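Student:
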Amino acid sequence: MNPKCHRCQKTVYPVEKMLCLDKAWHKGCFNCEVCHMKLSMKTYKGYNKLPYCGPHYPTTKHTTVAETPEQLRLKEATSNQSGLVYQKNHQENLSKFTTVSDDPETLRNKKIQAQTSGLVYQKDHQENLAKFTAVSDDPETVRNKKMQAQQSQAVYQKNHQEELGKFTAVTDDPELVRNRKMQEQASTIAYKGTAPPGSREADGFVPDLESQQ
Numbered sequence: 127m128n129p130k131c132h133r134c135q136k137t138v139y140p141v142e143k144m145l146c147l148d149k150a151w152h153k154g155c156f157n158c159e160v161c162h163m164k165l166s167m168k169t170y171k172g173y174n175k176l177p178y179c180g181p182h183y184p185t186t187k188h189t190t191v192a193e194t195p196e197q198l199r200l201k202e203a204t205s206n207q208s209g210l211v212y213q214k215n216h217q218e219n220l221s222k223f224t225t226v227s228d229d230p231e232t233l234r235n236k237k238i239q240a241q242t243s244g245l246v247y248q249k250d251h252q253e254n255l256a257k258f259t260a261v262s263d264d265p266e267t268v269r270n271k272k273m274q275a276q277q278s279q280a281v282y283q284k285n286h287q288e289e290l291g292k293f294t295a296v297t298d299d300p301e302l303v304r305n306r307k308m309q310e311q312a313s314t315i316a317y318k319g320t321a322p323p324g325s326r327e328a329d330g331f332v333p334d335l336e337s338q339q
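Residue numbers (this note's numbering): 127 to 339.
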């Protein structure tokens, strides 16, 4: 029994029968589902067991599908597990590091860098100081400074008087008084080159202080 054509639903005889996509077609009925362009076994493209030409061949379009609560839960669990694994590996890697002391060359370079940084800092500091502009004090500031200076002077004088009051005057003994008087007379004679008339100093006598002590 001859099959029917899938397109026109008429009987297909062996002379004009064409078998493709699991269906029987008349050669004239085998055309594109969209533009109805006649196709052959070499030019057709099948999709869902229907013939299409190249330009009208359906392409698969991806559609965005919202994630289900279960998918969100699994994604969060996976993320948390990855974080725990990362932290564990990080701690293990940290424990493997070994502190190594700097070699002399590295220490020398560090010292040079520190000194250079210090010089640059001092230079910048001096330049910044040079940029400052002197500003005169306002009357209120001048008055406060004057009051502080007066208060400091008063405190200093008070402390000075208290310190002086702690010292005890000690009178000289007669021997010290006599020696001091003789030294003053000898100094006067040496300075003026004269002595009172009738004194031994006038005759050229100079008292020996050491022998009199």
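Idealized CB from N, CA, C, for every residue including glycine. Fair warning: this is a prediction, and the values are worked out from it, not measured in the lab.
At which residue ranges does the segment 127 to 205 contain complete beta strand (DSSP E) runs of 3 or more residues, listed in the order of the chain?
Tutor: 143 to 146, 149 to 152, 171 to 173 and 176 to 178
Student: Counting along the chain, where does the alpha helix (DSSP H) carrying Asp228 start and finish?
Tutor: Unbroken run through Asp228: none, as it is neither H nor E.
Student: Kindly indicate which three-state DSSP category Ser342 falls into: helix, strand or coil?
Tutor: For the chain, the structure presents residues 127 to 339; residue 342 sits outside this window and is missing.
Student: Three-state secondary structure (DSSP) at Asp250?
Tutor: helix
Student: Straight-line CA distance for Glu193 to Glu202?
Tutor: 12 Å
Student: By how many angstroms is the C-alpha of Gly180 removed from the C-alpha of Pro140?
Tutor: So the two alpha carbons sit approximately 28 Å from each other.
Student: For Leu200, which residues in the same chain have their Cβ closer than 8 Å to its Cβ, ignoring the five residues on either side in sequence?
Tutor: none
Student: When the Cα atoms are used, what is the spatial distance from Asn215 to Asp229?
Tutor: 30 Å
Student: I need the straight-line Cα distance from Ala256 to Lys249, nearest angstrom please.
Tutor: 11 Å
Student: Under the rule that 16 or more other beta-carbon atoms within 10 Å means buried, what is Val303, buried or exposed?
Tutor: exposed
Student: Given this structure, state the Cα-to-Cα distance separating Glu301 from Leu290, to the nearest angstrom.
Tutor: 27 Å
Student: Buried or exposed: where does His132 fall if 16 or more other Cβ atoms within 10 Å of its Cβ makes it buried?
Tutor: Under this definition His132 is a buried residue.
Student: Which of the three DSSP states, helix, strand or coil, is assigned to Gln339?
Tutor: In this predicted model, Gln339 has a pLDDT of only 45, less than 50, meaning its place in the structure is not dependable; the value taken from the coordinates is given anyway. Coil at Gln339, not helix or strand.
Student: With burial defined as no fewer than 16 other Cβ atoms inside 10 Å of the residue's Cβ, what is the status of Pro177: buried or exposed?
Tutor: buried
Student: Please report how far the alpha carbon of Thr204 lies from the alpha carbon of Pro129, in whole angstroms.
Tutor: Answer to the nearest angstrom: the Cα atoms are 57 Å apart.
Student: Return yes when the Cβ of Tyr170 is within less than 8 Å of the Cβ of Glu184, no when it is not.
Tutor: Reading the sequence as shown, one finds Pro at residue 184 and not Glu. Not closer than 8 Å, so no.
Student: On the CB-based measure, 16 or more other CB atoms within 10 Å of its CB, does Ala150 come out buried or exposed?
Tutor: So Ala150 counts as buried.
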